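Student: The structure follows.
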Amino acid sequence: MNRPMPRSINEYLEQLREALRGQDPALIQDALYDAEDHLRAEFAENPGIPAEELLARIAGSYGDPDEVAEIYRDKEIVVNQALRPPLPPAPRSALARFFGVAADPRAWAAMFYMLLALPTGIFYFTWTVTGLSLSLGLGILIFGLPLALLFLASTRVLSLVEGRIVEVMLGERMPRRPQYAQRDQPLLERVKGMFTDPRTWSTMFYMVLMLPLGIIYFTVLITVLSLGLGLALNPLIYPFTGLGLINFDDQVYMAPLWLQPFQVLFGIALLFGLMHLARGVGRLQGAIAKQLLVQAG
Numbered sequence: 000m001n002r003p004m005p006r007s008i009n010e011y012l013e014q015l016r017e018a019l020r021g022q023d024p025a026l027i028q029d030a031l032y033d034a035e036d037h038l039r040a041e042f043a044e045n046p047g048i049p050a051e052e053l054l055a056r057i058a059g060s061y062g063d064p065d066e067v068a069e070i071y072r073d074k075e076i077v078v079n080q081a082l083r084p085p086l087p088p089a090p091r092s093a094l095a096r097f098f099g100v101a102a103d104p105r106a107w108a109a110m111f112y113m114l115l116a117l118p119t120g121i122f123y124f125t126w127t128v129t130g131l132s133l134s135l136g137l138g139i140l141i142f143g144l145p146l147a148l149l150f151l152a153s154t155r156v157l158s159l160v161e162g163r164i165v166e167v168m169l170g171e172r173m174p175r176r177p178q179y180a181q182r183d184q185p186l187l188e189r190v191k192g193m194f195t196d197p198r199t200w201s202t203m204f205y206m207v208l209m210l211p212l213g214i215i216y217f218t219v220l221i222t223v224l225s226l227g228l229g230l231a232l233n234p235l236i237y238p239f240t241g242l243g244l245i246n247f248d249d250q251v252y253m254a255p256l257w258l259q260p261f262q263v264l265f266g267i268a269l270l271f272g273l274m275h276l277a278r279g280v281g282r283l284q285g286a287i288a289k290q291l292l293v294q295a296g
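If you're matching positions, the sequence shown starts at 0 in numbering that gives the first Met the number 0 and goes up one per residue.
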């Protein structure tokens, strides 16, 4: 597509955004940040050259918006192929598909994410509520605004950290760069933009939401894992420990001998069912993170 030569950094970025339309929003955010960083560095090193002339030079070395967009699309395909875990052979029967989840690395990673979600959720919730409360409470003081800006900047950093966790564990593509800043705007406009940007508030909502989600994920994981292991291993550990299926008031209760094989099978089925559940939770959590933490493309 033939586009007019951009006459400013913002024009270049808008053309790049347009050239990447339809791509993953996380990819667009990364490309815009990298391009702005490179363009600002070139302008800082060549202050005496007119903007249009310098942008024409940059287009010849760094690439015009369409060329840069094509490079990012190609690189994204290569990176995704390199990072995607190898797929196990497709099982033929329903039973093989059910037990084949044990060979899926994403299921194991999603279970670990469910375990990790509680401590991270507590931290995100505490940080967000405390920072928001202090920012609102001290807003009338002279240092209230700088404190609020520092808090908003910290939430963006935390969103990048959470994005890396989500991408590594759950496989959802998340930004690897912060949102580009349009640094040629006046300071007050940029401050206003931080407060009016919907992603600022959706990020804080995500941080608060992670506490109830973390409690649910952790509780479900520990409860089903404990129940499944208890049912599957109880007949094996009872002769050595004296612990029954139910232990109450010095009384030990065990399933009848004929029922214990079914008990073990049910416990094993629960454990594999938990892995399927964890994989579904991973997809759901990845979609929530993409919706709330990523700048719309």
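Just so you know, even glycine gets a beta-carbon here, dropped at the ideal spot from N, CA and C.
Since we're looking at a predicted model, the values are computed, not measured.
Measure the C-alpha to C-alpha separation of V165 and W257 and round it to an integer number of angstroms.
Tutor: Locating residue 165 in the sequence shown gives position 166, where the first residue counts as 1. Locating residue 257 in the sequence shown gives position 258, where the first residue counts as 1. Each residue's alpha carbon lies about 45 Å from the other.
Student: Which ranges does the alpha helix (DSSP H) cover as unbroken runs of at least 4 residues, wholly within the region 130 to 154, from first to last along the chain?
Tutor: Fully enclosed alpha helix (DSSP H) runs of 4 or longer: not present.
Student: Is DSSP giving I48 helix, strand or coil here?
Tutor: Taking the sequence shown and counting its residues from 1, the one referred to as residue 48 is at position 49. Here I48 sits in coil by DSSP.
Student: Using only the alpha-carbon positions, how far apart do P104 and T218 sit?
Tutor: Position 105 of the sequence shown holds residue 104. Position 219 of the sequence shown holds residue 218. Going from the Cα of P104 to the Cα of T218 covers about 22 Å.
Student: What span of residues does the alpha helix (DSSP H) with G272 cover, start to end?
Tutor: The residue labelled residue 272 in the question sits at position 273 within the sequence shown. Start and end: Q259 to L292.
Student: Go to V10, then tell me how far its alpha helix (DSSP H) extends in each direction, as first and last residue.
Tutor: Counting from one through the sequence shown, the residue named residue 10 turns up at place 11. It is worth fixing the name first, because residue 10 is Glu in this sequence and not Val. Unbroken alpha helix (DSSP H) run through E10: I8 to A18.
Student: Would you kindly check if the distance between the Cβ of R155 and the Cβ of D23 is under 8 Å?
Tutor: Numbered from 1 along the sequence shown, position 24 holds the residue referred to as residue 23. Numbered from 1 along the sequence shown, position 156 holds the residue referred to as residue 155. No.
Student: How would you call I27, buried or exposed, if buried means at least 16 neighbouring beta carbons within 10 angstroms?
Tutor: As a working note, residue 27 is residue 28 in the sequence shown. I27 is buried by the Cβ-count criterion.
Student: Given R278, which residues of its chain have a CB within under 7 Å of its CB, disregarding the five upstream and five downstream residues?
Tutor: The residue you call residue 278 lines up with position 279 of the sequence shown. Once the five neighbours on either side are set aside, the close Cβ partners of R278 are V100, D103, R105, A106 and A109.
Student: From the DSSP output, in three-state form, read off S92 for me.
Tutor: To locate residue 92, count along the sequence shown from 1; it is residue 93. Correct three-state label for S92: coil.
Student: Just the C-alpha distance for L70 and P260, rounded to the nearest angstrom, thanks.
Tutor: Numbered from 1 along the sequence shown, position 71 holds the residue referred to as residue 70. Numbered from 1 along the sequence shown, position 261 holds the residue referred to as residue 260. Correcting the residue identity first, residue 70 is Ile in this sequence and not Leu. In a straight line, the C-alpha of I70 is about 58 Å away from that of P260.
Student: Under a three-way DSSP split, which group does Y123 fall into?
Tutor: Counting from 1 along the sequence shown, the entry for residue 123 is found at position 124. Y123 falls in the helix class under three-state DSSP.
Student: Given that a residue counts as buried once 16 or more other Cβ atoms are within 10 Å of its Cβ, and exposed if not, what is E161?
Tutor: Within the sequence shown, numbered from 1, the residue matching residue 161 stands at position 162. E161 comes out buried.
Student: If you draw a straight line from the alpha carbon of L224 to that of V167, how long is it in whole angstroms?
Tutor: Here residue 224 corresponds to residue number 225 of the sequence shown, with the count starting at 1. Here residue 167 corresponds to residue number 168 of the sequence shown, with the count starting at 1. The alpha-carbon atoms of L224 and V167 are separated by roughly 23 Å.
Student: From the DSSP output, in three-state form, read off D29 for me.
Tutor: Position 30 of the sequence shown, counted from the start, is the residue given in the question as residue 29. Looking at D29 - three-state DSSP - the assignment turns out to be helix.
Student: Using a Cβ-Cβ cutoff of less than 6 Å, which residues in the same chain neighbour L210 once the five nearest sequence positions on both sides are dropped?
Tutor: The sequence position of residue 210 within the sequence shown is 211, counting from 1. Taken in chain order, the residues that qualify are G120 and F124.
Student: Kindly indicate which three-state DSSP category E171 falls into: helix, strand or coil?
Tutor: Position 172 of the sequence shown holds residue 171. Here E171 sits in coil by DSSP.
Student: Given a threshold of 16 other Cβ atoms within 10 Å of its Cβ, counted over all protein chains shown, does I236 qualify as buried or as exposed?
Tutor: Numbered from its first residue, the sequence shown carries residue 236 at position 237. Classification for I236: exposed.
Student: Considering Cα atoms alone, identify which of F150, S7 and G285 is closest to M113.
Tutor: As a working note, residue 113 is residue 114 in the sequence shown. Closest by alpha carbon: G285.
Student: Secondary structure at G21, three-state DSSP: helix, strand or coil?
Tutor: Translated into the one-based positions of the sequence shown, residue 21 becomes position 22. In this structure, G21 counts as coil in the three-state DSSP scheme.
Student: Can you tell me which of F98, L115 and D65 puts its alpha carbon nearest to the alpha carbon of H275?
Tutor: Working through the sequence shown from its first residue, we reach residue 275 at position 276. For H275, the nearest C-alpha among the options comes from F98.
Student: I'd like to know whether the C-beta atoms of Y61 and R176 end up nearer to each other than 8 Å.
Tutor: As a first step, residue 61 must be located in the sequence shown, where it is residue number 62. As a first step, residue 176 must be located in the sequence shown, where it is residue number 177. No, the Cβ-Cβ distance between Y61 and R176 is not below 8 Å.
Student: Rounded to the nearest angstrom, how far is the Cβ of A30 from that of V77, given a contact under 8 Å?
Tutor: Position 31 of the sequence shown, counted from the start, is the residue given in the question as residue 30. Position 78 of the sequence shown, counted from the start, is the residue given in the question as residue 77. That belief does not hold up - the Cβ atoms of A30 and V77 are roughly 15 Å apart, past 8 Å.
Student: Check whether the Cβ of R56 sits closer than 7 Å to any heavy atom of the ligand HEM, and report yes or no.
Tutor: For the ligand HEM, the structure offers nothing, since it holds no ligand at all.
Student: Please report the straight-line C-alpha distance between A95 and F271, rounded to a whole angstrom.
Tutor: Mapped onto the sequence shown, residue 95 falls at position 96. Mapped onto the sequence shown, residue 271 falls at position 272. One C-alpha to the other measures close to 11 Å.
Student: Looking at A292: is its Cβ nearer than 8 Å to the Cβ of S132?
Tutor: On the sequence shown, position 293 is the one that residue 292 refers to. On the sequence shown, position 133 is the one that residue 132 refers to. Before going further, note that residue 292 is Leu rather than Ala in the sequence given. For L292 and S132, no; Cβs fall outside 8 Å.
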